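Heads up: the protein sequence lines correspond to chains A and W, in order.
Residue 287 is where the first sequence starts when you use my numbering, and the numbers rise one by one after that.
Residue 5 is where the second sequence starts when you use my numbering, and the numbers rise one by one after that.
The structure appears right after this line, and notes come after that.
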Amino acid sequence: MSTVELDGEFQALPLEAIRSAVLERARSLGCGHAEARIERIRSQVVSLRDGRLETSADNVELGLGLRVVHEGSFGFAATVELDVDAAAALADQAVSAARASAPAVAERVELADEPPHGEVSWASSYDLDPSKVPLSEKVALLEEWSGRLMASAGVDHVTASVLAVVEDKHYADLSGTVTTQRRVRVHPEVEATAVNNDEGGFETMQSLAPPAGRGWEYLLGKGWDWDDELAQIPDYLAEKLHAPSVAPGSYDLVIDPTNLWLTIHESIGHATELDRAMGYEAAYAGTSFATFDKLGTLAYGSGVMNVTGDRTVEHGLATVAYDDEGVEAQSFDIIREGVLVGYQLDRRIARLMGLGRSNGCAFADSSGHTPIQRMANVSLRPGAGNGPTTEELISSVGDGFYVVGDKSWSIDMQRYNFQFTGQRFFRIEKGRLSGQVKDLAYQSRTTEFWGSMQAVGGESTYRLGGAFNCGKGQPGQVAPVSHGCPSALFRGVNVLNTRAESGR
Amino acid sequence: MSGATGPLSPADRVVDQVLEASASDGCVVIVEELSQAEVRFANNTVTTNGVRRDRSVSVIAFRETEGGTAVGTASASGATDAIDLLRRAEAHAATAQAAEDAAPLITPEQSAPAGDFADPPVMTSLEGLGSVLAGLGDAFKRASAAGTRFAGYAEHQVSTVYLGSSTGVRLRHVEKTGKLETVARADGGARSAWVAVGAEDLATVHVEELRERLDRRLAWGEHRFDLEAGRYEVVLPPDAVADLMAPLGYATSGREAEEGRSVFSAPGGATRVGESLSSQRFSLRSDPFAPGLECTPFLVTGASGQDVSVFDNGLRLERTDWISDGRLARLQYHRAGAERSGVEAAAPADNLILEVPGATSTLEELVEHTERGLLLTCLWYIRDVDPETLLLTGLTRDGVYLVEHGEIVGSVNNFRFNESPVDLLAKTVEAGRTERALSREWNEWLNRTAMPALRVAEFNMSSVSPAT
Chain A
287 MSTVELDGEF QALPLEAIRS AVLERARSLG CGHAEARIER IRSQVVSLRD GRLETSADNV
347 ELGLGLRVVH EGSFGFAATV ELDVDAAAAL ADQAVSAARA SAPAVAERVE LADEPPHGEV
407 SWASSYDLDP SKVPLSEKVA LLEEWSGRLM ASAGVDHVTA SVLAVVEDKH YADLSGTVTT
467 QRRVRVHPEV EATAVNNDEG GFETMQSLAP PAGRGWEYLL GKGWDWDDEL AQIPDYLAEK
527 LHAPSVAPGS YDLVIDPTNL WLTIHESIGH ATELDRAMGY EAAYAGTSFA TFDKLGTLAY
587 GSGVMNVTGD RTVEHGLATV AYDDEGVEAQ SFDIIREGVL VGYQLDRRIA RLMGLGRSNG
647 CAFADSSGHT PIQRMANVSL RPGAGNGPTT EELISSVGDG FYVVGDKSWS IDMQRYNFQF
707 TGQRFFRIEK GRLSGQVKDL AYQSRTTEFW GSMQAVGGES TYRLGGAFNC GKGQPGQVAP
767 VSHGCPSALF RGVNVLNTRA ESGR
Chain W
5 MSGATGPLSP ADRVVDQVLE ASASDGCVVI VEELSQAEVR FANNTVTTNG VRRDRSVSVI
65 AFRETEGGTA VGTASASGAT DAIDLLRRAE AHAATAQAAE DAAPLITPEQ SAPAGDFADP
125 PVMTSLEGLG SVLAGLGDAF KRASAAGTRF AGYAEHQVST VYLGSSTGVR LRHVEKTGKL
185 ETVARADGGA RSAWVAVGAE DLATVHVEEL RERLDRRLAW GEHRFDLEAG RYEVVLPPDA
245 VADLMAPLGY ATSGREAEEG RSVFSAPGGA TRVGESLSSQ RFSLRSDPFA PGLECTPFLV
305 TGASGQDVSV FDNGLRLERT DWISDGRLAR LQYHRAGAER SGVEAAAPAD NLILEVPGAT
365 STLEELVEHT ERGLLLTCLW YIRDVDPETL LLTGLTRDGV YLVEHGEIVG SVNNFRFNES
425 PVDLLAKTVE AGRTERALSR EWNEWLNRTA MPALRVAEFN MSSVSPAT
């Protein structure tokens, strides 16, 4: 963890006066629990198309949100007026919201206990604050990257973009916990397109670099080898454009962590959110096949499957020191040797289900939204010790594919049936790679798929993937989250041809 | 001038003050005032609720430079110092190169009627949810007594946008957006139904009415059939048609089509404009003046994108037919792109309408005309699979029903589909009358839609989903 470096401008806001005003008013209105968040989120999108700047958007959000528990009902209110009078009035609004919904509240809200943590500060691990890097420098770097790709034969179009977010959050609750946290994250992405002018049609190849809880240094080569990645894209793209279309059927797959993280996110991450499993997301995100009665017994996958949730890993996108209910960040088991042993929790659901302390998965994406249960960094553990390398996993496949990079994804509302595509698919014949195919999608059911996982790669294959934009809740909220995983070998997975699926 | 803290100064004043302070060759200022109230429920209880006020300010500075015009933008939501934003936008413009999408700023003559620029923003509150909140307690009791579980969400949002430019444009527009989505689950979730409405305000929306429709659908599901994957004739209600037409609307980029990387590309840098997509006389259009679906009649954007340009801010929006008489008619272009391509500029409005002129059939009549097929309710988790064919994947959700000899005979398991909305238009055998619809998948981004029910041949149900 880096030394705590908080932003002077944010610290200069009247944080203490506002939080005191809003919490004292909430207390005097009879709230048993109240939590206030003052948040400032700086975000920037820079996007180039064929080496020319297309989009530049620079945004700052600043506001105050208050959630109260008043006579067993939640009430939430938010404002962008940051002064003491507006803060006190906000408490009245939140209590009014709680009162208005009280007649329709059948389940009294109670929260799992959490010890007060006093006044604490934390910052994520980064070197260069992206909001301090001049726009012209960002554009120049993306221009240079675009230029390298456009100079390659067979590349017709290039898009290069970066999304950078700096989140400063001041949290205080009635128990006396006061946290000030800063999180920094960046998502650079490059995509090359080749158009088949003779026969029509086109293919794309995207960078595999995951979004990361890092600063601008990530684009300068710390944590990712951009030179290597940019050098490889044109050749992979050219090969893909003329690759044979896949023959559908049942195949063994070696799935690279650059693809597998998303399958973990969809089929494990969301399925083990206890609010979902209990039906609280039934109208929107959906429920889960991993119902509470199966805790401790559900065979989620094969014996080599061990999955943890954490909000602690360095550079993880869901990593914090304290969540938005004042709960200290933790690491916990979700699947042990293939069996479901835990869920992701917030304080309400932890108390409701008698599970003791929350494991710290409450998050609101801005001061304007109420905290809901959001995903920890949910990760598949690698094999012990040196474990197999990706090459060794490939060598144990007679007839299959090696799947690299994520692209299209979709899963049903109970997290059974999923379909994923990828950036590149290499044919494996008798343990050796033999060139790319295209139009491949793999489709399976969660427990069947994870049950077919015969081997996980060792630590050398382990990588963090992730996304900025995991959606949940109404009104919709987005959350950043990382997923670590090794390469892994799956036997007998259903492979589709997407051209054939379209009836062509 | 409003600083980072303290009460907000009036939006129209913010626009004028920034424009007065602008030292650039051109400037556009957008203030959007947002007011929202919402309530969410599940398991026969209210779970979350909230009221929220927000303001966002975008400043766009234009600077004449070698070879054209450079642009700088800066936005902030919350209590922001707008002059500070202006300085940031100007600083970005100072180092930027000439923009590719440059065009002369819009003049009042090219813009829409002004509205009442000095009027304050319109606000909503929990009262904006109408009788919904009051109706929930009773609905939960009835659901509990019937052994069903009721879940859903109601939201009312009012956005007041103010737009001003250094060329004299001053515009204000109020857009009201409401919705109520409800799901009923019976038999531990084995049977479920979804019913929703989108409306400008929720005063006319009543929980009890939706609950009755849910009960009717649950009753259809009392006989259960397990069917295999395969290609089926399907009847898509208007809501499900909206689920599939929204991605088609988003795919109408002129630039992508010309670059050979879209479903609407033709070989050699040409597009498929003019090509027949269906033997049905479909019109797919956006229209800011469509009755009941009115939306902001001028272009508002804080940042340029593929087919939308900050230079076009304030541009009057009109009815635009993307598909007309079954043929691809137009693609999206900003003014600079349109000039390069020798076509007319076309920008979408915040609504989408699909219609077959003269069609009068109801959903029930389409079901009656079905010999054997599946009646769907809504679609979910829809994602692009192959942009070349606009192949989409997704799931059926909360109600798939088997139709035999024109009658609903029971419910069916869910499916994963792989299907392209462009192919869907070609495979439509019958379209119903157009009515207000709410896409379950996309309504957060596109609430105002009107769609017909469609009867479609050979819809590709790729695999069975055991999800309920």
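Every residue, glycine too, gets a C-beta built ideally from N, C-alpha and C.
In this text, all values refer to a predicted model and were calculated from it rather than measured experimentally.
Below-9 Å beta-carbon distance, residue 344 of chain W vs any chain A residue: No, residue 344 of chain W does not count as interfacial toward chain A.
Where residue 191 of chain W meets chain A, residues with beta-carbon distance less than 7 Å: What residue 191 of chain W touches in chain A: nothing, since even the nearest Cβ is about 13 Å away.
Amino acids of chain A, ordered along the chain, whose beta-carbon sits closer than 7 Å to that of residue 2 of chain W: The first residue shown for chain W is 5 and the last is 472, placing residue 2 of chain W beyond what the model contains.
Same chain, Cβ closer than 8 Å to residue 575 of chain A, neighbours up to 5 away in sequence not counted: Cβ neighbours of residue 575 of chain A beyond the five flanking positions: 557, 700, 701, 702, 732 and 733.
Proximity test, Cβ basis, 9 Å: residue 234 of chain W and chain A: Not an interface residue.
CB contact check: residue 737 of chain A to chain W, cutoff 9 Å: Not one beta carbon of chain W lies nearer than 9 Å to the beta carbon of residue 737 of chain A.
Cβ-Cβ distance between residue 469 of chain A and residue 606 of chain A below 9 Å: In contact: residue 469 of chain A and residue 606 of chain A (Cβ atoms closer than 9 Å).
Residue span of the beta strand (DSSP E) that contains residue 455 of chain W, given as start and end: 452–469
Residues of its chain near residue 1 of chain W, where Cβ-Cβ distance is below 6 Å and the 5 sequence neighbours each way are ignored: Chain W is shown from 5 up to 472; residue 1 of chain W falls before or after that span and cannot be answered.
Cβ neighbour criterion (16 or more within 10 Å) applied to residue 363 of chain A: Its Cβ being crowded by 16 or more others within 10 Å, residue 363 of chain A is buried.
Endpoints, beta strand (DSSP E) assigned at residue 320 of chain A: 319–335
Rounded C-alpha distance that separates residue 416 of chain A from residue 528 of chain A: 39 Å
Cβ of residue 392 of chain W within 9 Å of any chain A Cβ: yes
Span of the alpha helix (DSSP H) around residue 296 of chain A: Counting along the chain, the alpha helix (DSSP H) containing residue 296 of chain A begins and ends at 294–297.
DSSP three-state assignment for residue 766 of chain A, whether helix, strand or coil: strand
Unbroken beta strand (DSSP E) run spanning residue 437 of chain W, endpoints: First-last of the beta strand (DSSP E) with residue 437 of chain W: 432–441.
Cβ-based burial, residue 220 of chain W [other Cβ within 10 Å; buried from 16]: exposed
DSSP state of residue 159 of chain W mapped onto helix, strand, coil: strand
Check whether residue 183 of chain W and residue 201 of chain W have beta carbons under 9 Å apart: yes
With 16 other Cβ atoms within 10 Å as the buried cut-off, status of residue 107 of chain W: Flag for residue 107 of chain W reads buried.
Contact the stretch 158–173 of chain W vs the stretch 334–350 of chain W: 3+ CB pairs below 8 Å: no
Residue 742 of chain A to residue 714 of chain A span [Cα, whole Å]: 18 Å
As assigned by DSSP and simplified to three states, the class of residue 453 of chain A: strand
Euclidean distance between Cα positions of residue 424 of chain W and residue 477 of chain A: 24 Å
Check: residue 125 of chain W C-beta below 8 Å from any heavy atom of the ligand MG: Absence of the ligand MG from the depicted structure is noted, as is the absence of any ligand whatsoever, leaving it without description.
Three-state secondary structure (DSSP) of residue 423 of chain W: Residue 423 of chain W falls in the strand class under three-state DSSP.
Three-state class that DSSP yields for residue 446 of chain W in the structure shown: coil
Rounded separation between residue 21 of chain W and residue 93 of chain W - CA only: C-alpha separation (whole angstroms): 15 Å.
Ordered list of alpha helix (DSSP H) runs contained in the stretch 160–246 of chain W, each at least 4 residues: For the stretch 160–246 of chain W, whole alpha helix (DSSP H) runs of length 4 or above, ordered along the chain, are 211–224.
For residue 12 of chain W, three-class secondary structure by DSSP: coil
Inter-stretch contact at 8 Å, needing at least 3 Cβ pairs: the stretch 239–252 of chain W / the stretch 290–302 of chain W: Taking 8 Å as the limit for Cβ pairs, the verdict is that the stretch 290–302 of chain W does not touch the stretch 239–252 of chain W.
Alpha-carbon spacing of residue 80 of chain W relative to residue 61 of chain W, whole angstroms: 5 Å
Residue 312 of chain W to residue 346 of chain A span [Cα, whole Å]: If I take the Cα positions, the gap works out to 22 Å.
CB contact flag (residue 176 of chain W, residue 118 of chain W, <9 Å): yes
Chain A within 9 Å of residue 386 of chain W, Cβ atoms only: yes
Residue 376 of chain W vs residue 398 of chain W beta-carbon contact at 9 Å: no
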